[in-house]
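Here the sequence shown stands for residues 1 to 152, where the numbers follow the UniProt record's numbering. All residues carry an ideal CB built from backbone N, CA and C; glycine is no exception. From a predicted model like this one, the values you see are computed outputs, not experimental measurements.
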Amino acid sequence: MTSGERRPTSGETRSNDSESRLSTDDSQTYLGGRLGHGSIAIPQLIQPARARPLNRSMKANYVKNQADSALKSGNARDAYIKYTECLNLVPQKYEQLHVIYSNRSLAYAKARKFELALTDAEKACELQPGWHKAWWRKAAALKALRRYNEVS
Numbered sequence: 001m002t003s004g005e006r007r008p009t010s011g012e013t014r015s016n017d018s019e020s021r022l023s024t025d026d027s028q029t030y031l032g033g034r035l036g037h038g039s040i041a042i043p044q045l046i047q048p049a050r051a052r053p054l055n056r057s058m059k060a061n062y063v064k065n066q067a068d069s070a071l072k073s074g075n076a077r078d079a080y081i082k083y084t085e086c087l088n089l090v091p092q093k094y095e096q097l098h099v100i101y102s103n104r105s106l107a108y109a110k111a112r113k114f115e116l117a118l119t120d121a122e123k124a125c126e127l128q129p130g131w132h133k134a135w136w137r138k139a140a141a142l143k144a145l146r147r148y149n150e151v152s
C-alpha cells in the first residue's frame, strides 16, 4: 500500500487484492474472531469439510491397516474381526486376498481358534500356492490341532 492509499475500515476489503481479506464484521467468514484482522480467507479451509465417501478399495485398505495394528499390539480378536470386515469389502479377485486370509489365520491362531486358522491358511495356500508363508501358517495350525500326520 502506498502512502496515498486509504486503509480499508474494519467492515471493508481492498478491492485490488487478488486474495479475499476477512472483515471483522463478517461473522460467517471471520469464524468468531479465531482469525486475526486482515487474515487471508481460504475458502477450502473456512467451509465445512465435506466428507467424500471412501471407495471400497480405500476402505478395505484402511480396515486392513487397523487389523494389522490390532494384530501387532496383541489384540487377536479385534484383528480377526477387522480382517473379516476387510474380506467383505474386497472383490474375490483382489490381488492381495491371500495376505488377508493368511493374516486372519495368524489372528485366529493367536486367539486359539485353530480350526478357523487352518481354514484360512488353506484358503491362502489355494489362492497363492507358491507363497511359503501360507504353507507355514497351515503347518502351524495343524501342529496346534495335533494333526501331525497331515503336515506335509
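Q. What separation, rounded to the nearest whole angstrom, lies between the Cα atoms of residue 153 and Q92?
A. Absent from the model: residue 153. The displayed extent of the chain is 1 to 152, so no value can be given.
Q: Mind listing, in chain order, the continuous alpha helix (DSSP H) runs of no fewer than 4 residues lying wholly within the region 95-139?
A: 97-110 and 114-127
Q: Output the distance between the C-alpha atoms of residue 160 and F114, rounded to the nearest integer angstrom.
A: With the chain running from 1 to 152 in the structure shown, residue 160 is simply not present.
Q) Is H98 buried or exposed, if buried means 16 or more other CB atoms sit within 10 Å of its CB? A) buried
Q. According to DSSP, is N88 helix, strand or coil?
A. helix
Q: Below 8 angstroms on the Cβ atoms is my guess for L118 versus K138; work out the distance and round it to an integer in Å.
A: 7 angstroms
Q: Between the Cα of K110 and those of V90, L87 and A70, spot the shortest distance and give me the residue it belongs to.
A: A70
Q | Proximal residues to W131 (C-beta, below 8 angstroms), its chain only, five neighbours per side dropped | A | H98, S102, A124 and C125
Q) Just how far apart, CA to CA, sit L127 and A107? A) 19 angstroms
Q) If we count the other Cβ atoms within 10 Å of its Cβ and call it buried at 16 or more, is L142 buried or exposed? A) buried
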